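Reading through the C-alpha cells given below for one structure.
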Amino acid sequence: IFIVADDEMANRMVATGNFGLVGLDEDDEEKMIEAEDGDEALEALDNAQDNEDPIIMLLDLHMPPGKGGDGAAIAVQEKWDEYKRKPFLVCCSAEVLEDLKAKMAT
Numbered sequence: 006i007f008i009v010a011d012d013e014m015a016n017r018m019v020a021t022g023n024f025g026l027v028g029l030d031e032d033d034e035e036k037m038i039e040a041e042d043g044d045e046a047l048e049a050l051d052n053a054q055d056n057e058d059p060i061i062m063l064l065d066l067h068m069p070p071g072k073g074g075d076g077a078a079i080a081v082q083e084k085w086d087e088y089k090r091k092p093f094l095v096c097c098s099a100e101v102l103e104d105l106k107a108k109m110a111t
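The opening position of the sequence shown corresponds to residue 6 in this note's numbering, with each subsequent residue numbered one higher.
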C-alpha cells in the first residue's frame with residue numbers, strides 16, 4: 006500500500022503515476038491512496054492496518070494549512086507500538102536545505 010501525502014495535486018499525480026513504471030496499477034484505489042495533508046495520511050494508515058501488504062508512506066514535509074509530513078511522522082512515531090502494520094516512511098520537501106534543518110531542529 007502506498008500512501009502519498011502532498012498538498013499539491015500535481016505532485017500526488019506525478020508520484021502515483023510513476024508507480025506505474027514499476028508495474029503497480031496507479032488506479033488501484035486500495036493500494037494507491039492519496040492524501041492532501043498529514044491528518045488524511047494518518048487516517049489512511051489507520052484504515053490500512055487490516056491489510057497484509059507492506060505500507061509505504063510518501064510524505065511532503067510542508068502541507069499548509071493542515072498537518073504536514075513532519076507532524077504525521079511524529080504522530081506515527083508516538084503510536085509506533087500500537088500499529089500492527091508498521092509503515093515505511095519516506096519524507097520529502099521542496100524547501101531549501103537550511104529551512105528544512107531549522108524546522109527539524111525544533
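Positions of the beta carbon are idealized from the N, C-alpha and C atoms, including for glycine. Remember, it's a predicted structure, so these values are computed and weren't measured experimentally.
Asked, Found
"Please say whether A46 and A20 have beta carbons closer to each other than 7 Å?", "no"
"List the residues that DSSP assigns as beta-bridge partners of P92.", "I60"
"Alpha carbon to alpha carbon, what distance is there between A99 and P92?", "23 Å"
"What residue from R17, I61, E48 has the CA that sits closest to A80's CA?", "E48"
"Leaving aside the five residues before and after I61 along the sequence, list all residues of the same chain whose C-beta is less than 6 Å from its C-beta, in chain order.", "F7, F93"
"Would you mind stating whether E41 and D75 have Cβ atoms separated by less than 7 Å?", "no"
"Inspect the beta-carbon positions of C96 and L64 and report whether they are closer than 7 Å.", "yes"
"Does the beta-carbon of A110 have 16 or more other beta-carbons within 10 angstroms, so that it is buried, or is it exposed?", "exposed"
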